[in-house]
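For reference, the structure is listed below as C-alpha cells.
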Amino acid sequence: MELPAFHYHRPTTVDDAADLLARFGDDVDLVAGGTDLLPNYKNRLNPRGHVVSLSHVQGLKELSASRIGAGVRLVDLERSDLVRRALPVVAETAQAISSPPLREHGTVGGNVMLDTRCYFFNQAPMWRESRNFCLKAEGQTCLVVPNSDDHCYATYSGELAAAFLVLDGSAELLSAQGPRSVPLTAFFENEGIRRFADRRPGELLTAISLPDDAPEWTAGYQKLRIRDSIDFPSLGVAVAFRLDGDRVAGLRIATTALASCPERLDAVCAPFLGRVADAALAAELGEAAMKASVAYRNVPLDPKYRRKMVAVFVRRLLARLDGRFAL
Amino acid sequence: MATYQDERAFRELDAELPEPTGDRRPPEKDVFNHIGHRIPLIDARSKVTGQAIYTDYITLQGQLICKIMRSPWAYARIDSIDTSRALAMPGVHAVMVGTDAPIRFGVLPISQDETALAVEKIRHLGEGIAAVAADDEATAIAALAAIDVQVTELKPFLKKSDSVRDLREDEEKIHDHVRHDNNIHKRVKQSFGEPEQAFAGADCVVEGTFDFQGITHGFTEPIAAIAHWTPDERLVLWTSQQVPHYTHLAVSKVMELPMHRVRVIKPAVGGGFGGKSDPFPHEMVVSWLSMQCGRPVKILFDREEVFFSNHGRHPTTTTCKLALNADGSIQGLDVDALIDGGAFGSFGVVTAYYNGVLSHGPYRLPSFKYQGTRIYSNRPVSGAMRGHGSVNTRMCSEVLLDEACEELGLDPIQVRLQNLLPEFTTLINGFRITSNGIRECIEAVATKSDFANKHRKLPYGRGIGIGCGFYISGSALQIHKSRLPQSTVHLKVDMDGGVTIHTGASDIGQGSDTMAAQVVAEVLGLPMARMRVVAVDTDVSPIDLGSYSSRVTFMNGLAAKRAAEALRTHLYEAAHRISGYAVESFEMRDGFVFNRHWPEASVPYMDALEEALAGKGALATSGCYTAPPMGEKYKGAGAGLAPTYSYTAYVCELEVDPETGFITPIKVWAAHDCGRALNPMAVEGQIEGSIHMGLGQVLSEELDYLGGNLINANLLDYRIPTASQMPELDVTLVESIDPEGPFGAKECGEGGLAPILPAVANALYDAVGVRARKLPLTPDVVLTALEKKARADRKSARTG
Ligand SMILES: Cc1cc2nc3c(=O)[nH]c(=O)nc-3n(C[C@H](O)[C@H](O)[C@H](O)COP(=O)(O)OP(=O)(O)OC[C@H]3O[C@@H](n4cnc5c(N)ncnc54)[C@H](O)[C@@H]3O)c2cc1C
C-alpha cells in the first residue's frame, strides 16, 4: 500500500522547522527516521496534511555525556565509545531497540516521542473498520478498556526514555516561542492519545539533556520480547543506583511498555534508600515494583506475565550490575 | 474397511501389485558429474542481485491496478451492493461483484466451494466483496470507499465446538452443501488391526489433548497476479503460484473459456510453502476485470490481505492415545483430530485424512484408530502448509511416546529403534514402504548429540529431546482422476547445442529448475551451462501437477531423466552412424558421446548433434511419470499413498529459564533420509528451512484471533523466528537410495518440519519437567506450566 498524500517540507534549521509547526498547527507531523511514522501512515493512522522532515535540520546531532541530540541515530548511540563508556545504559538500551537495519534510520527524537501502540490501533483500515475503529483513531470508544471515559490505554513502547529517566534527563524543547527544558519525569502523561503532560503546541524535541552526575550512576536496562530482534518491548525496565559503602545512596527504576507513558517508580524506591545492598533488597524491590505496575492486554504477552517479569528484571538487573545484590 | 491381523495378509496384498521397479539398492554408478554435487541454484544469482522477475515487477502497457474490497464482517448475508458511485469516478474502468463470476471453484474437485468474490453470503473477515480496476492504486482505493454494501450480520461460528454441534435456531450453516445440520465439512473414521483389544491389553497407555493454533506460511513475496485479455481473445495470466495447472483448470472453468484459450505463466516466485497452492479468488477477479476492460489488470496484495487469504496450517485440537507393552513395543495409536478449516474447503478433505494416515510411520503400528473432523468456521481459510497434515499429530504421538518411555523407565532412543518399520514392507492400511533410512537417521543424531550421556542427566534448566518423522514423497493418487501422467518434461536441442528443458514444475524457491537441469545434464554428460529451463508457461510447458505433497523432485525428476535418456538415444544412434560402433558401446561423458571400449572412437557431442539434426531439425524428446498402481481399495485408501516416503530424526538441546519461561534452543542435530541427495546444498537448505519453520510453530508463531479478527496480520506481530533465534544446526543426510526415485532421490522439502516440534517439547520436559500441551510455547505459557507444576509438586509433597 502506498502512503497517503501529504505536503512534504524539508527545512534545514530548527527555527524553520519550528515555524512550520506553528504554521500548520494540528495538521502537521514531524518525521525523523520515519521508522514509526511511515508504517503508521501506511495504515492511515491519523495522517496529517503536512509532514516536516528533520533529516536535513542542522544542529540536532550533538552527542556528549550531558546532551544527546534528537537527530542522533540509534546506531550512533550503540557505536559511540563515549556513550558506551560514560552512559552504558543508553548504549545498551539503544542496542535492544528493533533491529539493526531499523536502527540505521531510527533516531533518539523519534524514539522518545514514539506514538503509543495497541492491538486495536496498529492495524489496517479494514481491520479497524471491522471493530468500528477505536478512540485513538476515528472511533468513539477504547476497545481495551470499554467505558474508559475517553481514556486511551495504548501502550508507550519507546525505550530510551526509560534509560533517560533513570539518569534524570530532561527534554530540550523548541517552538516558535523559544526553547524550554522539561524534566522527563514531568514531560509524559499516562494517556495514550494526549501522551504528554507538558508539551506545548508546536514544540519539537531538540535534545535530551542529562545532569552532570549521570555517569556516576550504575545503570542497566532489560527488555522483554519474544524474539530478541525486531520485536517491540512487552516490557522494559531500567534501574540506576549509587552505593555509599554497601548502602544504597541513590535508587531509580523506570519501566516502559506497561502504561501509556514511561514511568519512574520513585515512591517504590524511597523506602529502600539507606539499606544494605543485598539479594534480599533486590528481591523486595522487585516485588514492590511489580505491585506498582499495571499492564493491559493490548501488546504481545499476557499482562499478568509482563507484571511478574518486572520483579524478575529488577532483581536480575541489580544482581548483574553489582554482585552485592546477588548475595 | 480393511482390517489385517497378520503379516501374511500384507504379503498377499503385495503379490498382486507390481514390485518396486529397479533393484532394492540399484547398482547405479555412483560417480556423477552433477548429481550429488553442491550446486548453487541456477536462479540464485538473479535473486541475490535483485534481478529475478517476480509477478509485481511485470508492467504491461496500459495496465490497470486492481484492489479488492474486503469484508469487515465475519459472517453476513449480502442485502445489496451499490457500485454506481465507484463506477462513475474518473479513472475507474470496471467494478466487479460476486454475481459477475459466480461459478464455484476449488483445488479439489470435491470441494468446489469458493467464488471469485462473495456471492449472497460473506463467510469470513477479509473475504472479497467487490473489486475495482482503476488507473492507479489511489483511485482504486478511493473507488472501494465509494461502494455501498448493505448486509445482515449472521451469528458467526468462531469456536470449534460450535461447528461440530447441531445448529441452534438463530444459526445458519456456513455452506448449504454440508450434509447435516452442522458445519462439519468432512469426517474420516478409520480402524485397522484391533485397537480396542490393543488398548485394553497394553501395559501402558498414555493420553493427551493437544491444542494447536493456526499458523501461516509467511512467504516473502506477497500474492500477486496480472491478467491480460489479449486482442486475439485469449486470457494470459501471470501469477505467483505453486500449482499453475490447477489455476489453469479453475480459471478456464470460472471464466467459461476452453483451456486452450487460457495461458498461465508463473514468473519467479518468492516462496510458497503451500500458501500458493490453490487456485485463488483474486486470479478470477483480475481475469474478469481484464476481460471487461480489454486491458491488463494487476493486483498485489498488502501483507494483511496475504494473512486474510491464509490457507495455512489448520488450528487443531487433537486427542491422542498411545499403547505400549512393558518391553517397549508399540501396540496401538488412537488419534482424534478436530480441525478448523475456516470458511472454505481448499485441501481440507486431504487434511482430514493426513492428520491420521501420516502417523503410520516410521514405527510399526499393529493397530490404529482414527477420527478426523474438519469443520467450517467463519475464519480465513486453512489449507496446505509445509508438512501438510502430518505436523500436529506427529507432535502428539512423539511426545506421548516420550511420556510412555518415562513411565516404563525405557530409553526413548531404544524404544524408537525397536519399533521401526523395516525396508520394503506393507502397512496395515496398505501403504507400500520401499527405501527406509530411519534407523541410520536415529543412530546418527543419537551419536552426534551424545544423547545417552545427556538425556535426564543435564542440570535443571537444560534438556535434550528427540522427535522422528515420516512423510510422503509425492502423492500417488491424482487430485483429478485422469490417465494423464503426473509430470512431463520436454527437451529441445538445436544446432547451438544448448538443451532447453520445458517443464511444468513450479520452482517456488525450492530449486526444482536446478534439479531438472542437474538431472538432464547428468544423463547427457554435459555441463550445467548448456542447460536452460523454461518453466511453467502453459502454452509451451507440458503439465506438471504442481509443487505440493513433496512430489516434484521424485516425479518431475523422473520425467526429466526419461526425456534425457530418450534424447541420449538419438545421440548414440548418431554416434553409431558416424563411427560404425554399436549403440550399446556409448555413454555420455564430458561433452563426448563416449565409446566405453574404444575411447578413440568417441564422438564429440557437437558432431553427434549435427548428425542427429541432419534432415530432421531440432531434437525434441519427452519423458513422463505416472505413479504405479499401489495400495488398497477401501474408501480413502489413496490418502497418503506415495511411491516412497522420507524419514527424519531430530535431537534438540535447549535451555529453559525457569524464572521467565524462555526457551532457547542451543543446537539441533538433524538427520533426514532423502534417498539420494541430488544436490546436498539444496537438501541441507530445505532441512534448515524446515527446522526454522517448525521452531516458529513450536515457539512463537500463531494466528491470534479476537473473534473473527486476526490480531497479528503482519510480519511484526506474527512472530517468525529471526536469524538470531536460530540454534546451531548439524545436518546429516542419510542416503537410502530409493529404487524408484530419480538417481534414488526422494523428498526433502516437507518431511523435515514435523520432528522439530516434539524434539523441542521433549527437551523442554527433560529440562524442567513440564509437558507441552498447547503451542506455541511462548514464555508466558511455559511459566504458567512451571507454576502449575510447582503447585502440584508442593501439594504432593504435603500429602506425602
Ligand atoms: C518493525 C519495527 C520494530 C520496532 N521495534 C522497536 C523497538 O523494539 N523499540 C522501540 O523503541 N521502537 C521500535 N520501533 C519504532 C522505531 O523504529 C524506533 O522507536 C525509532 O527510534 C523511531 O525513530 P524515528 O526517527 O524513525 O521516528 P519517526 O518515525 O520519524 O518518528 C516517530 C514519532 O516521533 C515524532 N518525532 C520524531 N522526531 C521528533 C522530534 N525531534 N521532536 C518531536 N517529535 C518527533 C514523529 O512525529 C513521530 O510521531 C520499531 C519499528 C518497527 C517498524
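So the sequence lines, in the order shown, correspond to chains A and B. In this note's numbering, each number is its position in the first sequence, counted from 1, plus 28. In this note's numbering, each number is its position in the second sequence, counted from 1, plus 232. Positions of the beta carbon are idealized from the N, C-alpha and C atoms, including for glycine.
| request: Using 7 Å as the cut-off, classify the Cβ of A:ASN139 as near or not near the heavy atoms of ligand 1, replying yes or no. | output: What you label residue 139 of chain A is simply residue 111 of the first sequence in a count that begins at 1. Yes, the beta carbon of A:ASN139 sits closer than 7 Å to at least one heavy atom of ligand 1.
| request: Would you please verify whether the beta carbon of A:TRP155 is less than 8 Å from any beta carbon of chain B? | output: In the first sequence, the residue the question calls residue 155 of chain A occupies position 127. Answer yes: the Cβ-Cβ gap between A:TRP155 and chain B drops below 8 Å somewhere.
| Can you tell which of A:LEU313, A:THR234, A:ALA93 and A:ILE281 has its C-alpha closest to the C-alpha of A:GLY248? | By one-based count along the first sequence, residue 248 of chain A stands at place 220. The candidate whose alpha carbon is nearest that of A:GLY248 is A:ILE281.
| said: Need the endpoints of the beta strand (DSSP E) that B:VAL496 sits in, please. | reply: Along the second sequence, one-based indexing puts residue 496 of chain B at 264. Start and end: 494-497.
| query | At a Cβ threshold of 8 Å, is B:ASP949 touching chain A? | reply | Taking the first residue of the second sequence as 1, we reach residue 949 of chain B at position 717. Output row for B:ASP949: interface = yes.
| said: In whole angstroms, give me the CA-to-CA distance for B:GLU467 and B:MET523. | reply: By one-based count along the second sequence, residue 467 of chain B stands at place 235. By one-based count along the second sequence, residue 523 of chain B stands at place 291. It is worth fixing the name first, because residue 467 of chain B is Leu in this sequence and not Glu. Cα-Cα distance, rounded: 8 Å.
| Secondary structure, alpha helix (DSSP H): runs of 4+ residues fully inside the stretch 790-849 of chain B | 837-845
| task | Just the C-alpha distance for B:ARG270 and B:VAL966, rounded to the nearest angstrom, thanks. | result | Counted from its first residue, the second sequence places residue 270 of chain B at position 38. Counted from its first residue, the second sequence places residue 966 of chain B at position 734. The straight-line gap from Cα to Cα measures roughly 16 Å.
| How many whole angstroms separate the CB atoms of B:LEU273 and B:GLY921, which I take to be in contact at a CB cut-off of 8 Å? | The residue given as residue 273 of chain B occupies position 41 in the second sequence. The residue given as residue 921 of chain B occupies position 689 in the second sequence. About 13 Å separates the two Cβ atoms, so there is no contact after all.
| field | Local conformation of B:SER932 per DSSP, three classes | value | Counting from one through the second sequence, the residue named residue 932 of chain B turns up at place 700. Here B:SER932 sits in helix by DSSP.
| Cα separation between B:ASP408 and B:ARG336? | Mapped onto the second sequence, residue 408 of chain B falls at position 176. Mapped onto the second sequence, residue 336 of chain B falls at position 104. Rounded to the nearest angstrom, the two C-alpha atoms are 13 Å apart.
| Count the other CB atoms within 10 Å of the CB of B:THR462; is the residue buried (16 or more) or exposed (fewer)? | Along the second sequence, read from residue 1 onward, the residue named residue 462 of chain B stands at position 230. Exposed, by the Cβ-count rule.
| query | For a contact meaning CB atoms closer than 7 Å, what does B:ALA370 contact in chain A? | reply | Numbered from 1 along the second sequence, position 138 holds the residue referred to as residue 370 of chain B. Neighbours of B:ALA370 on chain A, chain order: GLU30.
| query | Applying the criterion that 16 or more other CB atoms from any shown protein chain within 10 Å of the CB defines a buried residue, is A:ASP241 buried or exposed? | reply | Position 213 of the first sequence holds residue 241 of chain A. With fewer than 16 other Cβ atoms within 10 Å, it is exposed.
| query | Which residues of chain B have a Cβ atom closer than 7 Å to the Cβ of A:MET337, listed in chain order? | reply | On the first sequence, residue 337 of chain A is found 309 positions in, with the first residue counted as 1. Simply THR892.
| said: Are there any heavy atoms of ligand 1 lying less than 7 Å away from the beta-carbon of A:SER185, as far as the coordinates show? | reply: Numbered from its first residue, the first sequence carries residue 185 of chain A at position 157. Yes; taking the cut-off as 7 Å, the Cβ of A:SER185 has a heavy atom of ligand 1 nearer than that.
| query | Among B:PRO304, B:HIS514 and B:ARG527, which one has its Cα closest to the Cα of B:VAL486? | reply | Looking up residue 486 of chain B in the second sequence gives position 254. Nearest option by C-alpha distance: B:HIS514.
| For B:GLY450, which residues of its own chain have a beta-carbon under 6 Å away from its beta-carbon, when the five flanking residues on both sides are left out? | Along the second sequence, read from residue 1 onward, the residue named residue 450 of chain B stands at position 218. Closer than 6 Å at Cβ, skipping near neighbours: ILE952.
| task | With a threshold of 16 other CB atoms inside 10 Å of the CB of B:PRO490, please say whether the residue is buried or exposed. | result | One-based indexing of the second sequence puts residue 490 of chain B at position 258. With fewer than 16 other Cβ atoms within 10 Å, it is exposed.
| request: For A:ALA256, decide whether its Cβ has a neighbour in chain B, counting only Cβ atoms nearer than 8 Å. | output: On the first sequence, position 228 is the one that residue 256 of chain A refers to. Checking the sequence shown, residue 256 of chain A turns out to be Asp, not Ala. Judged by the 8 Å Cβ criterion, A:ASP256 is in contact with chain B.
| field | Cβ-based neighbour list, B:LEU597, same chain, cut-off 6 Å, excluding 5 preceding and 5 following | value | As a first step, residue 597 of chain B is located in the second sequence; it is residue number 365 there, counting from the start. So the list reads LEU565, once near-sequence residues are dropped.
| query | In the stretch 321-375 of chain B, which residue ranges form an unbroken beta strand (DSSP E) of at least 3 residues, counting only runs that do not cross its ends? | reply | 324-329 and 360-366
| So, is the C-beta of B:THR953 closer than 8 Å to a C-beta in chain A? | As a first step, residue 953 of chain B must be located in the second sequence, where it is residue number 721. One detail in the question is off: residue 953 of chain B reads as Pro in this sequence, not Thr. Interface residue, yes.
| So, is A:VAL304 buried or exposed, given that buried needs 16 or more other C-beta atoms within 10 angstroms? | Stepping through the first sequence from its first residue, residue 304 of chain A is reached at position 276. So A:VAL304 counts as exposed.
| Three CB pairs or more closer than 8 Å across the stretch 729-744 of chain B and the stretch 688-708 of chain B | no
| field | Cβ shell of B:ILE674 (< 7 Å), same chain only, five flanking positions each side left out | value | If you number the second sequence from 1, residue 674 of chain B lands on position 442. Here the set comprises ILE645, ARG648, LEU649, CYS700 and ALA881.
| message | Suppose the cutoff is 8 Å on Cβ atoms and the five residues either side in sequence are ignored; what does the same chain contact list for A:SER375 look like? | response | Outside the displayed range of chain A (29 to 355) lies residue 375 of chain A, so it cannot be described from this structure.
| message | I need the boundaries of the alpha helix (DSSP H) containing B:TRP305, first residue and last residue. | response | The residue given as residue 305 of chain B occupies position 73 in the second sequence. Taken as a continuous stretch (DSSP letters only), B:TRP305 belongs to no alpha helix (DSSP H), as it is neither H nor E.
| Are any of the Cβ atoms in chain B nearer than 8 Å to that of A:ALA50? | Translated into the one-based positions of the first sequence, residue 50 of chain A becomes position 22. It does not; no Cβ of chain B falls within 8 Å.
| field | Alpha-carbon to alpha-carbon, B:GLY917 and B:MET925 | value | Within the second sequence, the letter at position 693 stands for residue 925 of chain B. Within the second sequence, the letter at position 685 stands for residue 917 of chain B. Between B:MET925 and B:GLY917, the C-alpha separation is close to 12 Å.
| said: Residues of chain A with CB closer than 8 Å to the CB of B:ALA945, please, in chain order. | reply: By one-based count along the second sequence, residue 945 of chain B stands at place 713. Going along chain A in sequence order, the residues near B:ALA945 (Cβ under 8 Å) are GLN151, ALA152 and TRP155.
| query | What do you reckon, is the C-beta of A:PHE260 under 7 Å from a heavy atom of ligand 1? | reply | Counting from 1 along the first sequence, the entry for residue 260 of chain A is found at position 232. Yes, since a heavy atom of ligand 1 falls inside the 7 Å radius drawn around the Cβ of A:PHE260.
| Does B:LEU222 have its Cβ less than 8 Å from a Cβ in chain A? | The displayed coordinates of chain B run from 233 to 1032. Any statement about residue 222 of chain B would go beyond what the structure contains.
| said: Report the CB separation of B:HIS620 from B:GLY506 in whole angstroms; it is logged as a contact under 8 Å. | reply: Taking the first residue of the second sequence as position 1, residue 620 of chain B is located at position 388. Taking the first residue of the second sequence as position 1, residue 506 of chain B is located at position 274. The Cβ separation is near 6 Å, so the contact holds.
| query | How close, in whole Å, do the beta carbons of B:ALA748 and B:ALA500 come, if the pair is a contact with beta carbons under 8 Å? | reply | Position 516 of the second sequence, counted from the first residue, corresponds to residue 748 of chain B. Position 268 of the second sequence, counted from the first residue, corresponds to residue 500 of chain B. In fact, because the Cβ distance is near 16 Å, the residues do not count as touching under 8 Å.
| request: Please name the residue in B:GLU819, B:LEU790, B:GLY789 and B:ARG794 whose C-alpha comes closest to that of B:LEU803. | output: Counting from 1 along the second sequence, the entry for residue 803 of chain B is found at position 571. Measuring from the Cα of B:LEU803, the nearest candidate turns out to be B:GLU819.
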